[in-house]
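Order-wise, the sequence lines are chains S and U. If you use our numbering, the first sequence corresponds to residues -18 to 180, in order. If you use our numbering, the second sequence corresponds to residues -18 to 180, in order. Yeah, the Cβ is synthetic: ideal placement off N, Cα and C, and Gly gets one too. Single-structure report; data block below.
Protein chains: 2
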Amino acid sequence: MPARRAARNTAPDDPRVERSRRVILGAALDELGEAGYGTFSIESVAQRAGVGKATIYRHWPHKLTLIADAFRMLQDEGDPELATGTPREKLERIVRHVAHVAKHSAFSKCLPALIDAAERDPALRTFHRRFQAEARRPLIALLEQGVARGDFPRHVDPELTAFSLLGAIFFCRLMTSKPFDPDRAPELIHTLLGTRAAR
Amino acid sequence: MPARRAARNTAPDDPRVERSRRVILGAALDELGEAGYGTFSIESVAQRAGVGKATIYRHWPHKLTLIADAFRMLQDEGDPELATGTPREKLERIVRHVAHVAKHSAFSKCLPALIDAAERDPALRTFHRRFQAEARRPLIALLEQGVARGDFPRHVDPELTAFSLLGAIFFCRLMTSKPFDPDRAPELIHTLLGTRAAR
DNA sequence: GCCTTGTGATACGTTGACGTATCGCTACGA
DNA sequence: TCGTAGCGATACGTCAACGTATCACAAGGC
Chain S
-18 MPARRAARNT
-8 APDDPRVERS
2 RRVILGAALD
12 ELGEAGYGTF
22 SIESVAQRAG
32 VGKATIYRHW
42 PHKLTLIADA
52 FRMLQDEGDP
62 ELATGTPREK
72 LERIVRHVAH
82 VAKHSAFSKC
92 LPALIDAAER
102 DPALRTFHRR
112 FQAEARRPLI
122 ALLEQGVARG
132 DFPRHVDPEL
142 TAFSLLGAIF
152 FCRLMTSKPF
162 DPDRAPELIH
172 TLLGTRAAR
Chain U
-18 MPARRAARNT
-8 APDDPRVERS
2 RRVILGAALD
12 ELGEAGYGTF
22 SIESVAQRAG
32 VGKATIYRHW
42 PHKLTLIADA
52 FRMLQDEGDP
62 ELATGTPREK
72 LERIVRHVAH
82 VAKHSAFSKC
92 LPALIDAAER
102 DPALRTFHRR
112 FQAEARRPLI
122 ALLEQGVARG
132 DFPRHVDPEL
142 TAFSLLGAIF
152 FCRLMTSKPF
162 DPDRAPELIH
172 TLLGTRAAR
């Protein structure tokens, strides 16, 4: 919750405010990615952002609200263009996109910190769950459609398959040192859904 | 590295030492599960264990070595009995076991903390990677064998399928609020490997 | 039964981050 | 051009955990 300033007598929308907010949130994300949730400190965010601590406290009442806001910023890292094609082509595009995000994005860098934090903070948990649901939904819709149209085998359960596709990618990211290579998306799809590989 | 005491003139193997170590490691695990990596403190471990801080520092030089040792203790939470049966039956038993571990074990409770910690500490990362590899190996072996014998479809890639099975389970544990239900193991296997479900 | 040694308790100085307060400076709106 | 208000900097008191040191006690080996 950005807590937009109430109107004042002279400067109701000072551009300095928005600028500060942006640079602070950016620094907070960098910090989360590098230091993790545990070592995250307002002091280092201030220093990294080239900003006085007071400025941070001026905009966010607590450490947690800043972190939550920073994570929220990540939500718009952009969804892939589904556009046209067969369900299988669309699926490949999505999976490749997710793998790319898991490998390169700021979100992915912060993910371990988020997971640890969400374990204990309900607000972050809500955000975290929503993110995950939003990643899953288009996948499930696509799989349902594909199964109905006969593009995918009939025994395929869309929900479990979505878990498996996302799971394979994030398992690699979180539990191994090698993130899943986006170029292996077709392979992954082929092994989970069988026939008609685009290899 | 337990850093076993060198032999002394009188008490080369005082049982008090081993007892302290055990109770401290146990408390450290509880603490990691509840407080996470970030908030983990030696002081609370000491209090929880009913032990003086000095006793902890007597056995571990730093916080990190204690944490690493504590995680190492988890490694022997026991593997499932593979024993007999078709590859498919064995597979189901493994998957169910993994799901159970992900849902109930002390290891799983500490996993978010471990993931965040491993992101930054090389020693923990090594441990983490080894754990993951050990979970994956029997799965891959089984899948290879099953594919060779014709129990599983020929298009199945053992490595990617192992990632998918484990991934689905841990994705649920780490990214949603609902751990994967072990009873859905047959369903999961059926949707990933097709035909001959044990439903 | 003696003496060694690990132990719980506790006090200590140090550090690092918290969140607050103050103070010129200057970007900004009018 | 003027006054406001957001700003960076910095100092402050507080607090919690760090890691060390000390001490009386009792568990253990011989």
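Contact between the stretch 161 to 174 of chain S and the stretch 63 to 77 of chain S is established, with three or more Cβ pairs separated by less than 8 Å. Annotation: G31(S) is outside any alpha helix (DSSP H) and is labelled neither H nor E by DSSP.
Rounded to the nearest whole angstrom, the CA to CA distance from I5(S) to P93(S) is 21 Å. Non-local beta-carbon contacts of L174(U) in its own chain, meaning distances under 6 Å to residues more than five positions away in sequence, involve F133 in chain order.
For the options G31(U), G33(U), V32(U), A8(U), the alpha carbon positioned closest to that of F21(U) is the one of A8(U). Look at S145(U): its C-beta is under 7 Å from a C-beta on chain S. Closest by C-alpha distance to L55(U), out of F108(U), Y38(U), A149(U), A16(U), is F108(U).
Taking C-beta atoms as the reference points, A99(S) and L105(S) count as a pair closer than 7 Å. The beta carbon of K159(S) is closer than 7 Å to those of C153 in its chain, skipping five residues each way along the sequence. At a cut-off of 7 Å between C-beta atoms, S86(U) does not count as an interface residue with respect to chain S. The alpha-carbon separation between P68(U) and L124(U) amounts to approximately 8 Å.
For D97(S), the closest Cβ of chain U is nearer than 7 Å.
In this chain, P42(U) is not harboured by any alpha helix (DSSP H), its DSSP state being neither H nor E. For the set A16(U), F144(U), S89(U), the Cα lying nearest the Cα of R29(U) is the one of A16(U). Boundaries cannot be given for E100(U), as no alpha helix (DSSP H) includes it and DSSP labels it neither H nor E.
Assigned with DSSP and collapsed to three states, K84(U) falls in helix. With a threshold of 7 Å between beta carbons, Q113(S) makes contact with chain U. Separation of I48(S) and D102(S) (C-alpha to C-alpha, rounded to the nearest whole angstrom) is 11 Å. Under the DSSP assignment, G66(U) falls outside any alpha helix (DSSP H); it carries neither an H nor an E label. Interface with chain U (7 Å Cβ-Cβ cutoff): H78(S) is excluded. Within the stretch 100 to 111 of chain U, E100, R101, R106, H109, R110 place their CB atoms closer than 8 Å to a CB of chain S, listed in sequence order. Per the C-alpha coordinates, the member of I96(S), K44(S), L147(S) positioned closest to R117(S) is L147(S). Secondary structure of D(-6)(S) (DSSP, three-state): coil. When the alpha-carbon of R53(U) is set against those of A35(U), L72(U), L95(U), the nearest one is in L95(U).
Put simply, the backbone Cα of P(-4)(U) is about 34 Å away from that of A83(U). If the five residues before and after S89(U) are omitted, its C-beta is found closer than 8 Å to the C-beta atoms of V82, A83, R154, P160, all from its own chain and listed in chain order. Contact check for V(-2)(S) against E12(S) fails: the beta carbons are separated by 7 Å or more. In the DSSP assignment, S145(S) falls within the unbroken alpha helix (DSSP H) covering 139 to 156. The beta carbons of T142(U) and T172(S) sit about 6 Å from each other, so the pair counts as a contact at 8 Å.
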